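Student: Residue numbers (my numbering): 2 to 168. Sending over a structure as structure tokens; questions will come in a sec.
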């Protein structure tokens with residue numbers, strides 16, 4: 002079913018509501034379709050823990066980037082917290098991740114620092130019974146850093162990435 006809306010001071014595009022104020026300023030807010038059921042991944046789903054833990058953070062960061070006003074963004078993040086709690090996420094985890102997103106939120110139009118060393122990735126097939134790979138790497142990285150050559154080659158711990166195993 003197709004619908005048509007028109008307005009001289011507001012337009013919805015994808016998940017952004019763009020409004021023109023009386024003073025000529027443009028503001029943005031999160032737009033949610035009336036049919037959206039907020040069916041985020043359920044906490045009991047068989048996905049890696051880091052994936053489930055990153056959902057509140059990444060969604061809050063998305064909201065903060067869309068909303069032009071920080072107070073509006075915080076209000077939308079509170080709504081997100083309610084949706085995630087209904088999907089089995091703990092209140093503490095959700096609140097911590099949203100606060101982290103608010104602390105780390107910066108203007109997305111700024112350029113990253115060119116001095117940042119390139120990232121090293123360690124990729125493995127995901128399986129729920131894998132040990133804590135990042136913990137093992139953090140534990141043994143000081144041994145690697147005893148060599149000056151290896152310290153220059155691997156200055157920071159690698160980013161752990163998981164790929165989907167073959168079915």
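The beta-carbon is built from N, C-alpha and C at its ideal position, and this holds for glycine as well. Being a predicted model, the structure only gives us computed values, none of them experimental.
Using beta-carbon positions only, say whether residue 57 and residue 19 come within less than 8 angstroms of one another.
Tutor: Within the chain shown, the letter at position 56 stands for residue 57. Within the chain shown, the letter at position 18 stands for residue 19. Contact flag unset, no.
Student: Out of 157, 15, 130 and 64, which one is the CA nearest neighbour of residue 107?
Tutor: Counting from one through the chain shown, the residue named residue 107 turns up at place 106. If we check each option's Cα against that of residue 107, 64 comes out closest.
Student: Going by alpha carbons, who is nearest to residue 143 out of 158, 3 and 83?
Tutor: The count along the chain shown starts at 1 and reaches residue 143 at position 142. It is 158.
Student: Does DSSP classify residue 155 as helix, strand or coil?
Tutor: Here residue 155 is taken as the residue at index 154 of the chain shown, counted from 1. Three-state DSSP puts residue 155 in coil, outside helix and strand.
Student: Starting from the Cα of residue 39, find the closest Cα among 156, 102 and 89 and give me that residue.
Tutor: Counting from one through the chain shown, the residue named residue 39 turns up at place 38. Cα-wise, what sits closest to residue 39 is 89.
Student: Grab me the residues of residue 82's own chain with a C-beta within less than 8 angstroms of its C-beta, minus the 5 sequence neighbours each way, in chain order.
Tutor: Taking the first residue of the chain shown as 1, we reach residue 82 at position 81. Correct list, in chain order: 57, 92, 95, 96 and 99.
Student: Mark residue 22 as exposed unless 16 or more other C-beta atoms lie within 10 angstroms of its C-beta, in which case mark it buried.
Tutor: The sequence position of residue 22 within the chain shown is 21, counting from 1. Under the 10 Å beta carbon count, residue 22 is surrounded by fewer than 16 other beta carbons and is classified as exposed.
Student: Assess, as a yes-or-no matter, whether the stretch 65-80 is touched by the stretch 25-43 under the definition of 3 or more beta carbon pairs within less than 8 angstroms.
Tutor: yes
Student: With a threshold of 8 angstroms between beta-carbons, can residue 29 be considered close to chain C, or not?
Tutor: The chain labelled as chain C is not found in the depicted structure, where only one protein chain is given.
Student: Helix or strand or just coil, what does DSSP make of residue 83?
Tutor: By 1-based counting over the chain shown, the position of residue 83 is 82. In this structure, residue 83 counts as helix in the three-state DSSP scheme.
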